[in-house]
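Q: Pasting in a structure now, in structure tokens, and then I'll have a few things to ask.
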Amino acid sequence: MSIEQSLESNQLIEAIVAPGNYRSTATVNIDGGQFVAWTETSIPNDPSATPWLPPLTVTAMTQGHALSFNQPVDSAAYAGSLAAQEKLLEWYPDRLHNSEVKTTDTKVAEGAPGRGVGCFFSGGVDSFYTALKHLDSITHFIVIHGLDISLTNEPLWHETVGHIRMIASALGKELIEVKSNVRVLHAKFGPHWQDQAHGAFLAHVGLLLSPHLKAVYIPASDDKSRLKPLGTHPDLDPLWSSDEVSLIHDGVEASRVEKLEYLKSSDVAMKHLRVCWSNLSGMYNCGKCEKCVRTMIGLHIVRASDRCATLPSKISPRAVQSMYLRAGGSGGELMAEENMRALAARSQTDSPLYRALDRSLHRGRLANLAIKLKFYAIDVGFGLIRYRIRQRSTTSMSN
Ligand SMILES: [Zn+2]
19 MSIEQSLESN QLIEAIVAPG NYRSTATVNI DGGQFVAWTE TSIPNDPSAT
69 PWLPPLTVTA MTQGHALSFN QPVDSAAYAG SLAAQEKLLE WYPDRLHNSE
119 VKTTDTKVAE GAPGRGVGCF FSGGVDSFYT ALKHLDSITH FIVIHGLDIS
169 LTNEPLWHET VGHIRMIASA LGKELIEVKS NVRVLHAKFG PHWQDQAHGA
219 FLAHVGLLLS PHLKAVYIPA SDDKSRLKPL GTHPDLDPLW SSDEVSLIHD
269 GVEASRVEKL EYLKSSDVAM KHLRVCWSNL SGMYNCGKCE KCVRTMIGLH
319 IVRASDRCAT LPSKISPRAV QSMYLRAGGS GGELMAEENM RALAARSQTD
369 SPLYRALDRS LHRGRLANLA IKLKFYAIDV GFGLIRYRIR QRSTTSMSN
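With the sequence shown counted from 1, adding 18 to any position gets you the numbering used here.
See the structure below:
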């Protein structure tokens, strides 16, 4: 197919993919402007346009534009991207639009024999669970700078990747390190990161690694009881697969507490677990944010508080009852409910921790507003100031 001449330029996202060995680049022409999206890998990657299909499809769907590539794409990935569009339109009929995808051609690729199996690995509960569950078949871990750690947060990235190199070495896996600005593209041109784009970005990286991997695990963030339309989902992730790489959403069968129960016997997991999303703190785990605290409660429930070296073992009920639960949407509330159910199943409904969780979920409107204001003014506001100061001092030290 060629690009239809009748299509006005402002209705089209044009992606010019430049082959590279360790760096794949897509120059994206959109609405009269240009954005150069790139992804670097620590080993040679697929130079074709195929890996750019998922992240640019969701971008084009947000803009309501057609999408054109200057190169052929894999036939299965092309068909899958159309099916992914259908699924996303079913979930978000008011927020996304159908996008026609135009390429110079499609091709059937045959993967080279002897390739391995990858697993996205951030050091968190979900990735440790999938990695340990499939330890025999997984050959590579994949860690991405630019996913949950921003490209400008170099200190946290270096600390995190240092831990993950040790984990990969301890578990006998090869580590593939990736750096990408695709999340910046998505932030600039829509789609919503959590709801629509997260999985497409992971698919992009998985497809890029086709010279080495025949399959890639995407660790599930939600168990089957909490499944809802989301950027990474068991009904969506496999649709982004190509002829060469199968993308596998893994781990929906286990709740977070069940995953921690599974992890607690792993010395490596208990030595390196990373869960914090308060990235501004610049710490591996801050031990204070909702995600750190929810994990500390989970570790308490499975009697492993003293086993985990990267989180405080003591939990303050006062800190629990004043947690801001909506920093990441409804996830904090759902996790508080899950922890309450797990405590109740262990006959701990009269424990201070259970009561504190109950209070955090049933605050009055004014108390909720005060906690929300404190979160944005102090945790985020002062966190941002400290982050900028730390960035400046790091820059001046390196100059
Ligand atoms: Zn934290």
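Cβ atoms here follow ideal geometry from the backbone N, Cα and C, with glycine treated the same way.
Is S168 near ligand 1, with its Cβ less than 7 angstroms from a heavy atom?
A: Here residue 168 refers to the residue found at position 150 when the sequence shown is read from its first residue. Checking every heavy atom of ligand 1 against the Cβ of S168, none is found closer than 7 angstroms.
Q: Here's a check: name, in chain order, each residue in its chain whose Cβ is nearer than 7 angstroms to the Cβ of K282, leaving out the five neighbours to either side.
A: One-based indexing of the sequence shown puts residue 282 at position 264. Take K282, set aside five residues on each side of it, and the residues of its chain with a beta-carbon closer than 7 angstroms to its own are M288, V320, A322, R325, in chain order.
Q: Does the Cβ of N303 lie closer than 7 angstroms to at least one heavy atom of ligand 1?
A: By one-based count along the sequence shown, residue 303 stands at place 285. Yes; taking the cut-off as 7 angstroms, the Cβ of N303 has a heavy atom of ligand 1 nearer than that.
Q: Buried or exposed: which applies to L153, given that a residue is buried once 16 or more other Cβ atoms fall within 10 Å of its Cβ?
A: Your numbering for residue 153 matches position 135 in the sequence shown. Looking at its Cβ environment, which holds fewer than 16 other Cβ atoms inside 10 Å, L153 is exposed.
Q: Which residues mark the beginning and the end of the beta strand (DSSP E) in which S198 is found?
A: Indexing the sequence shown from 1 puts residue 198 at position 180. Element bounds for S198: 192-198.
Q: Count the other C-beta atoms from every protein chain shown that fall within 10 angstroms of the C-beta of R312, then say buried if there are 16 or more, exposed otherwise.
A: Within the sequence shown, residue 312 is the residue found at index 294, counting from 1. Under a 10 Å Cβ-count criterion, R312 is classified as buried, with 16 or more other Cβ atoms of the shown protein chains found around its own Cβ.
Q: Whole angstroms are fine: how far does the CA of P69 sit from the CA of G316?
A: Residue mapping note: residue 316 aligns to position 298 of the sequence shown, counting from 1. Residue mapping note: residue 69 aligns to position 51 of the sequence shown, counting from 1. In a straight line, the C-alpha of G316 is about 37 angstroms away from that of P69.
Q: Mind checking whether the beta-carbon of C307 lies closer than 7 angstroms to any heavy atom of ligand 3?
A: No copy of ligand 3 appears in this structure; the ligands present are ligand 1.
Q: Quick check on the DSSP output: what are the complete beta strand (DSSP E) runs of length 3 or more inside the segment 208-255, in order along the chain?
A: 231-237
Q: Determine whether the beta carbon atoms of L248 and R201 lie at a separation below 8 angstroms.
A: Residue numbering aside, residue 248 sits at position 230 when the sequence shown is read from its first letter. Residue numbering aside, residue 201 sits at position 183 when the sequence shown is read from its first letter. No; because the gap between Cβ atoms is not below 8 angstroms, this pair is not in contact.
Q: Can you tell me whether K332 is helix, strand or coil according to DSSP?
A: Along the sequence shown, one-based indexing puts residue 332 at 314. For K332, the secondary structure class from DSSP, reduced to helix, strand or coil, is coil.
Q: Are the beta-carbon atoms belonging to I156 and V179 less than 8 angstroms from one another?
A: Here residue 156 refers to the residue found at position 138 of the sequence shown. Here residue 179 refers to the residue found at position 161 of the sequence shown. Not closer than 8 angstroms, so no.
Q: Between G50, V54, V126, R41, which has its C-alpha nearest I34's C-alpha?
A: Residue 34 sits at position 16 when you count from the first residue of the sequence shown. Cα-wise, what sits closest to I34 is V54.
Q: Could you spell out where the alpha helix (DSSP H) holding D376 opens and where it closes?
A: Against the sequence shown, residue 376 aligns to sequence position 358. Its alpha helix (DSSP H) spans residues 370-379.
Q: Could you pull out every residue in the same chain whose Cβ sits closer than 8 angstroms to the Cβ of T124, ignoring the five residues on either side in sequence?
A: Here residue 124 refers to the residue found at position 106 when the sequence shown is read from its first residue. So the list reads P90, V91, D92, S93, Y96, once near-sequence residues are dropped.
Q: Quick check on DSSP: helix, strand or coil for S24?
A: Translated into positions along the sequence shown, residue 24 becomes position 6. Because the pLDDT of S24 is 43, which lies under 50, any placement of that residue in the model is unreliable, and the question is left without a value.
Q: Look at the alpha carbon of A218 and the alpha carbon of L254, and state the distance between them as a whole number of angstroms.
A: Your numbering for residue 218 matches position 200 in the sequence shown. Your numbering for residue 254 matches position 236 in the sequence shown. Distance between the alpha carbons of A218 and L254 is about 9 angstroms.
Q: Would you report the Cα separation of N63 and R41, rounded to the nearest angstrom?
A: The residue labelled residue 63 in the question sits at position 45 within the sequence shown. The residue labelled residue 41 in the question sits at position 23 within the sequence shown. Cα to Cα, N63 sits roughly 8 angstroms from R41.
Q: Would you report the Cα separation of H222 and S331, rounded to the nearest angstrom?
A: Within the sequence shown, numbered from 1, the residue matching residue 222 stands at position 204. Within the sequence shown, numbered from 1, the residue matching residue 331 stands at position 313. When rounded, the distance between both Cα atoms is 38 angstroms.
Q: Report all residues from its chain with a CB closer than 6 angstroms to the CB of H216; omit the five preceding and five following residues, and keep chain order.
A: As a working mapping, residue 216 is identified with position 198 in the sequence shown. Taken in chain order, the residues that qualify are G249, T250.
Q: Name the DSSP beta bridge partners of T57, please?
A: Within the sequence shown, residue 57 is the residue found at index 39, counting from 1. DSSP output for T57 lists S42, S198 as bridge partner(s).
Q: Would you call the CB atoms of E356 and V275 closer than 8 angstroms?
A: For the purposes of this step, residue 356 is identified with residue 338 of the sequence shown, where counting begins at 1. For the purposes of this step, residue 275 is identified with residue 257 of the sequence shown, where counting begins at 1. For E356 and V275, yes; Cβs fall inside 8 angstroms.
Q: If you measure from the CB of C137, is any heavy atom of ligand 1 nearer than 7 angstroms?
A: Counting from one through the sequence shown, the residue named residue 137 turns up at place 119. Because no heavy atom of ligand 1 lies under 7 angstroms away, the Cβ of C137 does not count as near it: no.
Q: What does DSSP give as the partner residue(s) for E32 in the beta ladder?
A: To locate residue 32, count along the sequence shown from 1; it is residue 14. Beta-bridge pairing links E32 to N47, S86.
Q: Mind checking which residues open and close the beta strand (DSSP E) that includes G305?
A: One-based indexing of the sequence shown puts residue 305 at position 287. Here G305 belongs to no beta strand (DSSP E), and DSSP marks it neither H nor E.
Q: May I ask you to check if the CB of C326 is nearer than 7 angstroms to at least one heavy atom of ligand 1?
A: By one-based count along the sequence shown, residue 326 stands at place 308. It does not: the Cβ of C326 is nowhere closer than 7 angstroms to a heavy atom of ligand 1.
Q: Given that a residue counts as buried once 16 or more other Cβ atoms are within 10 Å of its Cβ, and exposed if not, what is H380?
A: On the sequence shown, position 362 is the one that residue 380 refers to. H380 comes out exposed.
Q: Tell me the DSSP secondary structure of I403 in three-state form.
A: Counting from one through the sequence shown, the residue named residue 403 turns up at place 385. In this structure, I403 counts as helix in the three-state DSSP scheme.
Q: Excluding the 5 residues flanking I21 on each side, which residues of the same chain have their C-beta closer than 6 angstroms to its C-beta?
A: Your numbering for residue 21 matches position 3 in the sequence shown. Residue placement at I21 is poorly supported in this model, since its pLDDT is 37, which falls under 50; the coordinates are not used for a value here.
Q: Which residue from R336, Q212, E172, I31 puts its Cα closest to that of H83?
A: For the purposes of this step, residue 83 is identified with residue 65 of the sequence shown, where counting begins at 1. Closest option to H83, Cα to Cα, is I31.
Q: Which ranges does the beta strand (DSSP E) cover as unbroken runs of at least 3 residues, wholly within the segment 106-142, from first to last along the chain?
A: Qualifying beta strand (DSSP E) stretches, in chain order: 134-138.
Q: Does the Cβ of I48 have 16 or more other Cβ atoms within 10 Å, making it buried, or fewer, making it exposed?
A: Residue 48 sits at position 30 when you count from the first residue of the sequence shown. Counting Cβ neighbours within 10 Å, I48 comes out buried, since at least 16 surround it.
Q: Nearer than 7 angstroms: is that true of the beta carbon of S296 relative to any heavy atom of ligand 1?
A: In the sequence shown, the residue the question calls residue 296 occupies position 278. Yes.
Q: Kindly indicate the opening and closing residues of the beta strand (DSSP E) around H163.
A: The residue you call residue 163 lines up with position 145 of the sequence shown. Taken as a continuous stretch (DSSP letters only), the beta strand (DSSP E) holding H163 covers 158-163.
Q: In the DSSP output, which residue or residues are listed as bridge partners for D92?
A: Residue 92 sits at position 74 when you count from the first residue of the sequence shown. Paired residues: K125.
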